[in-house]
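Following: one structure in structure tokens, then a few remarks.
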Amino acid sequence: MNTRFYPYIILVLFVMVFGGFFSKAKAQDNRFKVITFNVLSFEQEDKWGERNSFDVTPYSDFLKDENADFIILNEVENRSSRQMRDGKYIDKVQEIADKLGMFAIYGYSYNLNNKQGQNPEENYTYCMNELYGNAILSRYPIIASRTMQLPRPAGSSDQRGAVIAEVALPSGDIIAVVATHFDHTGGQQEQAEALIAFLNDTKVPALLAGDLNVYPGASPIELIGTEFDQMGNHWVDYIFASKGGWNKISEKFVDAGKLSDHDPVIVEVELKK
1 MNTRFYPYII LVLFVMVFGG FFSKAKAQDN RFKVITFNVL SFEQEDKWGE RNSFDVTPYS
61 DFLKDENADF IILNEVENRS SRQMRDGKYI DKVQEIADKL GMFAIYGYSY NLNNKQGQNP
121 EENYTYCMNE LYGNAILSRY PIIASRTMQL PRPAGSSDQR GAVIAEVALP SGDIIAVVAT
181 HFDHTGGQQE QAEALIAFLN DTKVPALLAG DLNVYPGASP IELIGTEFDQ MGNHWVDYIF
241 ASKGGWNKIS EKFVDAGKLS DHDPVIVEVE LKK
């Protein structure tokens with residue numbers, strides 16, 4: 001057989017074997033799995049029934065099986081004195097990101113030394129420790145981020161916030177991923193209004209998720225629905241996508257057991273082209 005034809009035969013065989021694989025991969029380039037999960041400060045119960053271990057490993061093991069593209073975490077206590085090991089502060093967000101092989105960004109809502117709001121929160125802007133807020137984990141590079149503090153009107157309990165990450169997708173597209181957590185005693189309407197206003201200048205397709213502490217059909221959810229399509233919900237946890245820009249492929253929630261008092265909401269979505 002003429003050896004000059006060997007390269008062509010190999011090329012044909014390669015296309016026959018792998019062509020379908022690459023076509024499938026290309027077709028799914030714009031499909032993403034998104035999880036939102038309130039992790040209760042990583043206070044899962046230990047074998048004595050106490051919530052005090054702050055070990056992120058059970059959380060990373062739990063989330064790893066889902067192989068998500070984006071994970072939104074609420075109630076993230078980070079670099080706190082309660083979490084110290086050998087007298088050192090621990091970056092729990094980076095710790096869980098490393099275990100999952102993901103990029104991470106953290107947006108603090110308030111300093112734990114100022115939980116009651118006795119001082120202006122801006123006094124703590126540059127504090128590196130005793131933080132409480134939200135985190136975003138991403139399979140893809142985070143190229144920019146910003147945070148905001150939500151209103152804290154009378155009747156609300158804690159200072160709440162949001163963190164926005166701009167993510168570069170393999171396709172070259174840029175999307176925004178937003179993690180937020182509304183208050184549990186009041187102020188959710190004001191917080192929804194402020195968040196929507198803050199996101200008005202976002203020019204790229206967006207995903208918005210978190211513990212909103214209100215039930216489906218409540219006024220804050222209706223307001224968010226004017227700008228976003230609901231992709232998933234369980235109890236008071238939601239995932240939204242910018243209106244008209246995404247298709248929902250699937251939706252579910254998974255029992256978190258003793259890891260949290262919330263169950264993660266998991267959706268698969270497709271970015272429209």
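Here the UniProt record's numbering is used: the first residue of the sequence shown is 1, the next is one more, and so on. Quick reminder that beta carbons are idealized off the backbone N, C-alpha and C, glycines included. Quantities reported herein were computed from a predicted structural model and do not represent experimental measurements.
Mind reading off the beta-carbon distance from residue i to residue j? Whole number of angstroms is fine, and I expect it under 8 Å.
i    : j    : result
Q188 : V214 : 5 Å
G129 : Y89  : Residue identity differs from the one stated: residue 129 is Asn in this sequence, not Gly. Right, the Cβ-Cβ distance comes to about 5 Å (below 8 Å), so this counts as a contact.
I71  : L137 : 4 Å
G186 : T147 : In fact, because the Cβ distance is near 22 Å, the residues do not count as touching under 8 Å.
Going by C-alpha distance, which of the options is nearest residue i?
i    : options                   : result
T57  : E66, N67 and F42          : F42
K272 : P216, D173 and T125       : D173
A154 : Q116, I105 and E45        : Q116
P141 : V265, D263, L259 and D69  : D69
V34  : Y238, E193 and E190       : Y238
G232 : Y89, G225 and F240        : F240
E193 : P205, K203, T180 and V204 : T180
S260 : N30, F62 and F32          : F62
I143 : K64, V236, I105 and E75   : I105
G210 : F182, E222 and D55        : F182
S145 : Q191, V39, E75 and T202   : T202
N113 : L208, T125 and F103       : T125
I175 : D55, S242, L195 and N67   : S242
V236 : F32, V167, N74 and A206   : N74
Q191 : A165, E166, P205 and L223 : L223
A165 : V204, F228 and I196       : V204
F103 : D86, R139 and E227        : R139
Considering only residues of the same chain and omitting the five flanking positions on each side of residue i, which have a CB-CB separation below 7 Å?
i    : result
Q149 : S109, E121, Q159 and G161
H184 : S157 and N213
P264 : I35, T36, F37, F253, V254 and A256
V267 : V34, M231, G232, I239, K248, S250 and E251
N30  : S171, E270, L271 and K273
H234 : F253, D263 and V265
Q94  : A104
Please list, in chain order, all residues of the same chain as residue i whose beta carbon is under 6 Å from its beta carbon, the five residues on each side excluded.
i    : result
S60  : I96, K99 and L100
E77  : S41 and Y132
N200 : none
R152 : Q159
Residues in its own chain within less than 8 Å of residue i by CB, not counting five upstream and five downstream?
i   : result
K64 : K99 and L100
D55 : F42 and Q44
K92 : F42, F54, V56, V76, E77, N78, R79 and Q83
#### Entry: 4 or more residues per run - each alpha helix (DSSP H) lying fully within the segment 52-106
57-64 and 92-100
### Message
Going residue by residue through the segment 123-179, where are the continuous beta strand (DSSP E) segments of at least 3 residues, counting only ones entirely within it?
### Response
131-138, 142-149 and 161-168
### Query
So does the segment 67-85 actually touch the segment 218-226, counting three or more Cβ pairs closer than 8 Å?
no
### Message
Three or more C-beta pairs under 8 Å: does that hold for the segment 263-272 against the segment 242-253?
### Response
yes
### Completely contained alpha helix (DSSP H) runs for the segment 173-241, where each covers 4 or more residues
With a minimum length of 4 residues, the continuous alpha helix (DSSP H) runs that stay inside the segment 173-241 are 188-199 and 219-224.
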